[in-house]
Amino acid sequence: MEIINLEGTEDTPKIILDKVNGIFEISGRSLPEDTAEFYKPVLNWLTRYAQSPNSKTSFTFKLEYFNTASSKLILDILSKLEAIAGTTVNWYFQEDDEDMEEAGGEFSELVEVPFDMKAY
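Quick note on the numbering used here: the sequence shown kicks off at 2 and runs consecutively.
Quick look at the structure:
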């Protein structure tokens with residue numbers, strides 16, 4: 002599978018999806034102008050990955066901020082991960098960022114994927 006490796010900008014997150022090396026990460030800030038279009042390649046990649054996933058998939062979210070439109074797409078990503086056996090989500094949040102901690106807690110209640118909440 003091709004690797005998705007997008008450098009983050011002020012408005013878009015850094016995204017690495019690398020099956021061979023087992024790196025699955027979205028980090029930074031997510032407020033792209035066209036959220037659906039921005040995340041479309043990620044969702045398509047996860048659909049293909051689900052057909053032949055690694056035995057374990059550890060997906061990391063390390064977001065500083067995301068807008069409402071991004072939260073819908075994050076939920077779409079998490080829903081795709083539900084279908085992949087052996088998946089865990091690592092949800093990182095800054096120690097004093099109650100909003101991001103709360104968001105991770107809410108997402109964890111909406112999907113059937115084990116969440117590991119981690120302050121840094």
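Where a beta carbon is used, it is the ideal one built from N, C-alpha and C, also for glycine.
In this text the structure is predicted, and so the values were computed from the model without any measurement.
Residue i: first and last residue of the uninterrupted alpha helix (DSSP H) it sits in
i: residue 43; result: 36-52
i: residue 32; result: Careful: residue 32 lies outside any alpha helix (DSSP H) and carries neither H nor E.
Whole-number beta carbon distance between residue j and residue i, since they are thought to touch under 8 angstroms
i: residue 37; j: residue 64; result: About 18 angstroms separates the two Cβ atoms, so there is no contact after all.
i: residue 114; j: residue 79; result: 6 angstroms
Residue i in three-state terms, based on DSSP
i: residue 8; result: coil
i: residue 110; result: helix
i: residue 59; result: strand
i: residue 65; result: strand
i: residue 19; result: strand
Outcome for residue i when other beta-carbon atoms lying within 10 angstroms are tallied against a minimum of 16
i: residue 47; result: buried
i: residue 111; result: exposed
N-terminal and C-terminal residue of the beta strand (DSSP E) that residue i is part of
i: residue 120; result: 116-120
i: residue 13; result: First-last for residue 13: undefined, no H or E at that position.
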